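Inspection log for the structure reproduced underneath, given as structure tokens.
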Ligand code: ADP
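In this note's numbering, the protein residues as written are 2 to 593.
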């Protein structure tokens with residue numbers, strides 16, 4: 002007997018397949034007791050199943066066959082063993098009752114039977130049946146051994162149940178995770194997800210109701226998409242969260258201890274117990290719903306169909322943990338949305354403030370330049386009268402100064418002109434006055450008028466490919482080219498040639514102004530076209546200017562569908578190129 006115990010004992014602890022263990026057990030038991038057949042049958046609540054059977058030299062019989070519990074009514078011997086919970090002996094099992102015709106032959110060949118009931122908890126969870134063909138009753142000593150073998154069989158049966166439970170729990174766990182991933186993918190928002198999830202949790206633990214309780218402002222509140230609750234019930238379900246350590250509900254929320262109890266016995270603390278009674282619920286299984294950062298709430302199921310088990314708790318914890326991750330995801334999404342909308346509002350406010358400043362600035366510019374115009378015109382008038390001696394002869398010293406004053410007044414007039422144009426441009430750009438322009442001619446005229454006006458003489462060389470026509474606003478082109486050429490001269494303090502080249506490109510006309518002047522550092526190129534931006538050019542830093550010329554020129558070019566491009570090397574010179582589309586239509590589809 003010792004050998005039998007150690008063989009089966011080893012089997013049980015080694016984690017072998019529980020069915021293998023049961024088969025080996027019946028084989029060893031049969032051989033040891035000299036029986037002709039030994040069968041292990043389990044009794045569930047509603048089914049009787051043959052788990053393992055052995056007869057020397059024969060194949061295991063009936064394994065996996067299931068019979069309804071009512072089968073016991075036709076089996077007085079079996080029934081007596083189950084009811085008395087004592088070992089019973091008798092003749093063939095085929096005697097004295099109605100027998101399944103398929104079993105008849107194999108039962109009839111045995112003449113003596115001993116049935117050992119196997120207690121599992123408070124009930125009989127199975128029986129070990131020994132049968133003998135020979136007409137020889139089982140003796141006391143044999144029955145003693147059977148009783149001992151029964152203890153092993155109980156362990157084997159319990160082992161099988163546990164393994165089965167674990168497998169089932171694993172399968173349910175996987176199912177839970179799978180469903181959750183599906184929900185995450187298919188849910189439109191958090192409410193949708195928690196709605197589906199509550200229903201699924203209820204299904205997984207076979208409960209009639211399930212709910213995510215959420216902690217908000219120190220209260221536990223049910224998620225509105227709870228499963229199995231009426232709106233009236235949900236409206237009642239608002240609980241003050243107890244202080245840590247206060248009661249079982251506090252333990253659940255703060256310490257992560259699950260609650261599993263019937264409402265009759267209570268155990269969730271006075272607040273929760275009271276509510277559950279008021280709602281007429283039967284039992285509760287509640288697990289903490291929390292992230293690494295702390296508690297979010299509680300996931301709970303109510304009114305179990307078959308009583309909540311530790312497995313159900315395990316499944317619920319799994320569902321709560323995964324839901325916490327999903328919840329965090331939704332929260333993060335919402336936070337990003339909030340930030341985005343805050344940022345949008347901030348940017349809008351900033352933009353409108355900037356627009357306001359812009360408007361004030363251009364109003365001021367318009368006003369200032371307008372007011373300056375009158376005195377400048379006046380002074381210029383008097384200066385020219387002084388110059389041509391209409392007001393009488395001037396002393397030699399004064400006569401020398403007048404041309405200088407006149408030239409300064411021209412500069413001032415120029416400045417005021419630009420300020421006015423710039424402020425008007427920011428207000429509303431005047432539409433271009435487009436016409437067919439012979440641009441080579443126009444550029445030559447500009448070059449001619451600018452050439453020689455600078456403080457130092459230098460050559461301005463004009464090159465053109467012949468007659469070049471473009472659809473443009475002649476006055477604006479004149480202003481742009483005038484600016485580019487006078488800049489080329491201004492920013493070449495050491496002299497050097499200025500070349501102006503008019504050329505044709507597919508769809509475009511290009512007017513390039515190249516100087517051999519101070520040049521511009523690459524990092525300064527982006528500043529060039531901004532209003533009032535002047536670059537510290539070292540050698541040319543004495544040069545007078547407003548920082549408006551290029552800004553105006555570029556805007557005038559854009560108005561006609563063109564643009565200005567610049568290439569430059571500090572110390573070597575620059576090329577500013579005005580490109581104009583041959584027609585506005587080409588500007589839209591043209592290449593640059
Ligand atoms: P302004 O000449 O009145 O200062 P612009 O808008 O015409 O204003 O030019 C802006 C700045 O660009 C100038 O201050 C100058 O530093 C730089 N710049 C313009 N043209 C040239 C050039 N041909 N060579 C070197 N620097 C130039």
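All C-beta atoms in this analysis are idealised placements derived from N, C-alpha and C, irrespective of residue type, glycine included. Predicted model only: the values in this text are computed from it and were never measured.
Residue i beta carbon near ligand 1 (any heavy atom closer than 8 Å)
{"i": "residue 481", "result": "no"}
{"i": "residue 566", "result": "no"}
{"i": "residue 477", "result": "no"}
{"i": "residue 512", "result": "no"}
{"i": "residue 389", "result": "no"}
{"i": "residue 365", "result": "no"}
{"i": "residue 519", "result": "yes"}
{"i": "residue 536", "result": "yes"}
{"i": "residue 594", "result": "The first residue shown for the chain is 2 and the last is 593, placing residue 594 beyond what the model contains."}
{"i": "residue 516", "result": "yes"}
{"i": "residue 551", "result": "yes"}
{"i": "residue 544", "result": "yes"}
{"i": "residue 484", "result": "yes"}
{"i": "residue 423", "result": "no"}
{"i": "residue 547", "result": "yes"}
{"i": "residue 489", "result": "yes"}
{"i": "residue 577", "result": "yes"}
{"i": "residue 524", "result": "no"}
{"i": "residue 370", "result": "no"}
{"i": "residue 188", "result": "no"}
Residue range of the unbroken beta strand (DSSP E) whose run includes residue i
{"i": "residue 348", "result": "Here residue 348 belongs to no beta strand (DSSP E); instead the alpha helix (DSSP H) covers 311-388."}
{"i": "residue 513", "result": "509-515"}
{"i": "residue 581", "result": "574-582"}
{"i": "residue 42", "result": "38-44"}
Simplified DSSP assignment, three categories, for residue i
{"i": "residue 78", "result": "helix"}
{"i": "residue 242", "result": "coil"}
{"i": "residue 391", "result": "coil"}
{"i": "residue 293", "result": "coil"}
{"i": "residue 126", "result": "strand"}
{"i": "residue 49", "result": "strand"}
{"i": "residue 70", "result": "helix"}
{"i": "residue 597", "result": "Limits of the chain in this structure are 2 at one end and 593 at the other, which puts residue 597 out of reach."}
{"i": "residue 271", "result": "helix"}
{"i": "residue 227", "result": "coil"}
{"i": "residue 91", "result": "strand"}
{"i": "residue 1", "result": "Residue coverage of the chain in this structure runs from 2 to 593, which leaves residue 1 outside it and unanswerable."}
{"i": "residue 521", "result": "coil"}
{"i": "residue 204", "result": "helix"}
{"i": "residue 5", "result": "helix"}
{"i": "residue 464", "result": "strand"}
{"i": "residue 138", "result": "coil"}
{"i": "residue 251", "result": "helix"}
{"i": "residue 11", "result": "helix"}
Option nearest residue i by Cα separation, candidates the options
{"i": "residue 178", "options": "294, 201 and 124", "result": "201"}
{"i": "residue 404", "options": "389, 426 and 351", "result": "389"}
{"i": "residue 291", "options": "325, 317 and 478", "result": "325"}
{"i": "residue 101", "options": "301, 239, 66 and 117", "result": "66"}
{"i": "residue 206", "options": "407, 307, 501 and 53", "result": "307"}
{"i": "residue 254", "options": "270, 387, 156 and 408", "result": "270"}
{"i": "residue 221", "options": "233, 210, 204 and 250", "result": "250"}
{"i": "residue 484", "options": "472, 450, 467 and 464", "result": "450"}
{"i": "residue 143", "options": "238, 230 and 33", "result": "33"}
{"i": "residue 302", "options": "129, 285, 494 and 289", "result": "285"}
Where the alpha helix (DSSP H) through residue i begins and ends
{"i": "residue 184", "result": "141-187"}
{"i": "residue 258", "result": "Taken as a continuous stretch (DSSP letters only), residue 258 belongs to no alpha helix (DSSP H), as it is neither H nor E."}
{"i": "residue 555", "result": "550-560"}
{"i": "residue 602", "result": "In this structure the chain extends from 2 to 593, so residue 602 is not present and cannot be described."}
{"i": "residue 109", "result": "102-109"}
{"i": "residue 236", "result": "232-237"}
Ligand 3 heavy atom lying under 8 Å from the CB of residue i
{"i": "residue 401", "result": "Ligand 3 is not part of the structure shown, which contains ligand 1 as its ligands."}
Inter-stretch contact at 8 Å, needing at least 3 Cβ pairs: the segment 197-216 / the segment 290-300
yes
Under 8 Å, with one C-beta from each stretch per pair, do the segment 129-144 and the segment 104-116 reach the 3-pair mark?
yes
Three or more beta-carbon pairs under 8 Å between the segment 555-564 and the segment 576-585, yes or no?
yes
Three Cβ pairs or more, each shorter than 8 Å: is that satisfied between the segment 140-153 and the segment 67-74?
no
Using 8 Å as the threshold, is the segment 186-197 in touch with the segment 224-234, meaning 3 or more CB pairs across them?
yes
Is the number of C-beta pairs between the segment 3-11 and the segment 39-46 that are closer than 8 Å three or more?
no
Decide if the segment 304-323 is in contact with the segment 343-358; the criterion is three or more beta carbon pairs, one per stretch, under 8 Å apart.
no
If contact is defined by three or more beta carbon pairs under 8 Å, each pair taking one atom from either stretch, is the segment 560-579 in contact with the segment 517-529?
yes
Hey, is the segment 155-170 in contact with the segment 258-267, meaning 3+ C-beta pairs nearer than 8 Å?
no
Using 8 Å as the threshold, is the segment 405-416 in touch with the segment 432-450, meaning 3 or more CB pairs across them?
no
Is the segment 83-100 touching the segment 49-58, taking contact as three or more C-beta pairs under 8 Å?
no
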